[in-house]
Structure formats: structure tokens, C-alpha cells
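Q:
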Amino acid sequence: MTLLHERFPGADLPHVVLGGRPTPVRPLQSWGPGVWLKDEGEFGEGGWGGNKVRKLEWLLPEAHRRGSRTLLTVGGIGTHWGLAAALYGAEHGIRTVLGLVEQPVDDHVTDQLRRLAASGAVVHRYPSVRRLKLAAPGLMLRHRDGLRPPYYLPAGGSSPVGTLGYVDAALEMAAQVRDGAVPEPARVVTAVGSAGTAAGLVLGLRLAGLSSRVVGVVVNDAFRLDGVVIARLANRTVDLLRDRGAEIDVQIDASDLDVTHDYLGPTYGATTAEGERALEAARAEGLELEPVYTAKAFAAVRDLVPTSRGPVLVLNTHGPRRVRA
Ligand SMILES: Cc1ncc(COP(=O)(O)O)c(C=O)c1O
-3 MTLLHERFPG ADLPHVVLGG RPTPVRPLQS WGPGVWLKDE GEFGEGGWGG NKVRKLEWLL
57 PEAHRRGSRT LLTVGGIGTH WGLAAALYGA EHGIRTVLGL VEQPVDDHVT DQLRRLAASG
117 AVVHRYPSVR RLKLAAPGLM LRHRDGLRPP YYLPAGGSSP VGTLGYVDAA LEMAAQVRDG
177 AVPEPARVVT AVGSAGTAAG LVLGLRLAGL SSRVVGVVVN DAFRLDGVVI ARLANRTVDL
237 LRDRGAEIDV QIDASDLDVT HDYLGPTYGA TTAEGERALE AARAEGLELE PVYTAKAFAA
297 VRDLVPTSRG PVLVLNTHGP RRVRA
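Positions -3 to 321 (our numbering) are the ones given, in order, by the sequence shown.
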């Protein structure tokens, strides 16, 4: 039983446990007083995991509920999300088909492509988002299970069902605050690649009654990502919860969170000097970040700390550095 189930007893929310709870919190001493980490890298089997796995805990049972044995989802060619869907999906009898768009290739992306090839996912590559969109109806037809179309998931698994993962994670964070494991953060910082993590956090923190403000660090310019988009996803998640029998009366507004595009750099996937510096500084704390998401979120933390009136907690949403053999 998750904290979300405890919060909404009787709600019909199928779930499978893929990671151990709670994920650890600890101070990042060398980053200054009041800087805290919640390490989502510890979520998932064999130390492989992160935010994608929190979403899959709700998405994989939803696929079964719909009678789907194929997931179709999209991302960049270095997609962490697509790899997580392929690996965890395979363990739960679900095949993953990926429509992937080219992005800047570095060693990390090359490694990802190798892992994707080994994962059993069916991969289709496109030169642009436009070409992927044009191809999407054909992919839906081509990868039917009999007459049933694949279960389509947006980039990052950021549908309302996937977003439940971070509503639950926020309730977990609030329990850690109550237990004294971490002070109540003034700000909770996360990378924003498709909005599900940030939307779930905003909603979950509100449900938990914490006044922590989410700071979303946008790392993706492939589609619109701002407070309005994140609030809309949070509100669609409220609708889903209500449809599934939860007694919930909450409305999230764009002004309920802060969103910055200042750390994106030239485009999705491009490394930035601030990101590289944050990556080095995190290493001193025994933390391996990756350049596309977490390095940029941590770069924002370095700038936020001097102006923050209270603790700053940053999420290590975790890229795949350690992969099961
Ligand atoms: C390591 C990492 N951090 C953060 C994110 C962004 O989370 P979201 O897509 O929920 O905005 C991702 C997305 O896949 C990711 O791989």
C-alpha cells in the first residue's frame, strides 16, 4: 500500500512496487548549509532507477488494466524514459515500441543507444519532432496487438497516471519532514523534461500540506514547458484521481510554482558550462549526475541557495549510469 492509497482509501489505483521506499535524504554539506538531496537514484531494482520508475509503478498496471501488451512512447535518442519502459515493461510482459528523435550525440547518448538496442525495445528513429508526429498514426497501426492499439504514453511517461508517481513521492517527502529526517524545504528543485515529475510534486506537496515551492528547471525545448503546462497536468491528475474514486478538491495554478529556462543551454541534450561545474561539485559528494537533466537542475541549486529563505532540497532524478548486466 502506498502513501497515495493511504491518503485516498477506496480509490481504484492499480500499482506495482518497483522500488524501495523511502528514498534517502541527506544534506549536501559542501553545497552550503541548508542544501538537501532526495536521492531517487536509489529507487528501482539493483540501484537502477530514478523518476521514470516511479511513473512506471502506475503505468504498467494501467496497461494491464486496459488489456494492452504493447507500450508506444516517444523521446530523444538518448531517452532514459524509453529505456526504463523497455526494461521494466519486459519484466511485466509488456513490449515497448519507441519513436525517437535525433539529439546531440555525446558518449552518454551513445551508451544509451547501445543499452536501448540490448533492451528488446523496438526503435524507430526520426530526424525531427515533426517527422515523428507524421509517422505516429502509422506506428499505432503497425504495432497493434490484434485489433487493440498500443497503449500510447507521451514523452517521459508524463500522463496523469504516470504523474501519480510523484504525487506519491511528495507524500513520502512530507513523511520524511514529519519524521525529522529532513527540514521542511523552502524549495524543491527538479529537472523538467516532460513535466510529470514537477506536476506530481506540486500536487503531492499541496495534498500533504507543505508550503515548499517547487522550482522546475526546464531542460527540454522540444515542446512547451512552463507553469501553465505543469499546472494543467497536475489538474488532469486531480481529475484522474476523482474519476478513480478519490475525494479530492484541489486546483493547481501556474503561480503555485517557479519555472526557469535559464539552464537549458542551446537545446535539449546540449551540455552547459554551469551543468559541467555542477556535475564536478556533485562528484565531491559521491553523486554521479548526467549532463542532460540532473546537472542542469543542480546548476540551478547553486544559484538559488544564496537567495533562498530556508532549506533547498534537490531531487536526483537519476540517469542510467548503473545498468543491470
Ligand atoms: C534523469 C532525469 N531527470 C529528470 C527528468 C525529467 O522528468 P519529467 O520528464 O518528469 O519532467 C528525466 C526525464 O526523463 C530524466 O531522465
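For glycine and all other residues, C-beta sits at the position ideal for the given N, C-alpha and C.
Nothing here was measured: the structure is a model prediction, and the numbers come from that model.
Who pairs with Arg121 in a beta bridge, going by DSSP?
A: Taking the sequence shown and counting its residues from 1, the one referred to as residue 121 is at position 125. Arg121 is bridged to Leu96.
Q: Buried or exposed: where does Glu286 fall if 16 or more other Cβ atoms within 10 Å of its Cβ makes it buried?
A: The residue given as residue 286 occupies position 290 in the sequence shown. Buried, since its Cβ has 16 or more Cβ neighbours within 10 Å.
Q: Pairing CB atoms from the segment 160 to 167 with CB atoms from the segment 186 to 197, are three or more of them under 8 Å?
A: Yes: the two stretches touch, three or more of their Cβ pairs being nearer than 8 Å.
Q: Please report the straight-line C-alpha distance between Ala321 and Gly72, rounded to a whole angstrom.
A: What you label residue 321 is simply residue 325 of the sequence shown in a count that begins at 1. What you label residue 72 is simply residue 76 of the sequence shown in a count that begins at 1. At Ala321, the pLDDT of 40 sits below 50, so the modelled position is not reliable; the number obtained from the coordinates is stated separately. Those two C-alpha atoms are separated by around 23 Å.
Q: Could I get the ranges of all uninterrupted beta strand (DSSP E) runs contained in the segment 11 to 84, with 3 residues as the minimum, in chain order?
A: The segment 11 to 84 contains these whole beta strand (DSSP E) runs: 21 to 23, 31 to 35, 66 to 72.
Q: Taking just the CA atoms, how far does Val13 sit from Gly46?
A: For this step, residue 46 is matched to residue 50 along the sequence shown. For this step, residue 13 is matched to residue 17 along the sequence shown. Their Cα atoms are separated by approximately 14 Å.
Q: Can you tell me which of Tyr264, Gly282, Pro145 puts its alpha carbon nearest to the alpha carbon of Arg75?
A: Position 79 of the sequence shown, counting from 1, holds the residue named residue 75. A quick correction: the sequence has Thr, not Arg, at residue 75. Of Tyr264, Gly282, Pro145, the residue nearest in Cα terms is Tyr264.
Q: In the DSSP assignment, what residue or residues form a beta bridge with Gly176?
A: Your numbering for residue 176 matches position 180 in the sequence shown. Per DSSP, none; premise fails for Gly176.
Q: If we call anything under 7 Å between Cβ atoms a contact, is Ala80 one with Val49?
A: Taking the sequence shown and counting its residues from 1, one reaches residue 80 at position 84. Taking the sequence shown and counting its residues from 1, one reaches residue 49 at position 53. Result yes, Cβ atoms of Ala80 and Val49 sit closer than 7 Å.
Q: Provide the residue span of the beta strand (DSSP E) that contains Arg238, from first to last.
A: Against the sequence shown, residue 238 aligns to sequence position 242. From DSSP, Arg238 is part of no beta strand (DSSP E) but of the alpha helix (DSSP H) over 223 to 239.
Q: With distances taken Cα to Cα, identify the nearest neighbour of Asp239 among Ala7, Thr(-2), His1, Leu(-1).
A: For the purposes of this step, residue 239 is taken as residue 243 along the sequence shown, with counting starting at 1. For Asp239, the nearest C-alpha among the options comes from Ala7.
Q: Say the cut is 6 Å; is the CB of Ala191 nearer than that to a heavy atom of ligand 1?
A: For this step, residue 191 is matched to residue 195 along the sequence shown. Yes, the beta carbon of Ala191 sits closer than 6 Å to at least one heavy atom of ligand 1.
Q: Buried or exposed for Gly152, please, with buried defined as at least 16 other CB atoms from any protein chain shown within 10 angstroms of its CB.
A: By one-based count along the sequence shown, residue 152 stands at place 156. The residue is buried, with at least 16 neighbouring Cβ atoms inside 10 Å.
Q: Which residue comes first and which comes last in the beta strand (DSSP E) that contains Asp254?
A: Taking the sequence shown and counting its residues from 1, the one referred to as residue 254 is at position 258. Asp254 -> beta strand (DSSP E) spans 254 to 256.
Q: Is the CB-CB distance between Val210 and Val297 below 7 Å?
A: As a working mapping, residue 210 is identified with position 214 in the sequence shown. As a working mapping, residue 297 is identified with position 301 in the sequence shown. Contact: no.
Q: Let me check understanding here. Comparing Cα to Cα, which of Pro29, Ala242, Glu38, Asp235 lies closest to Pro5?
A: As a working note, residue 5 is residue 9 in the sequence shown. Nearest C-alpha to Pro5: Ala242.
Q: With a threshold of 6 Å (Cβ to nearest heavy atom), would Val255 be considered close to ligand 1?
A: Position 259 of the sequence shown, counted from the start, is the residue given in the question as residue 255. No, ligand 1 has no heavy atom inside 6 Å of this Cβ.
Q: Verify whether the separation of the beta carbon atoms of Leu275 and Ala291 is less than 7 Å.
A: As a working mapping, residue 275 is identified with position 279 in the sequence shown. As a working mapping, residue 291 is identified with position 295 in the sequence shown. In contact: Leu275 and Ala291 (Cβ atoms closer than 7 Å).
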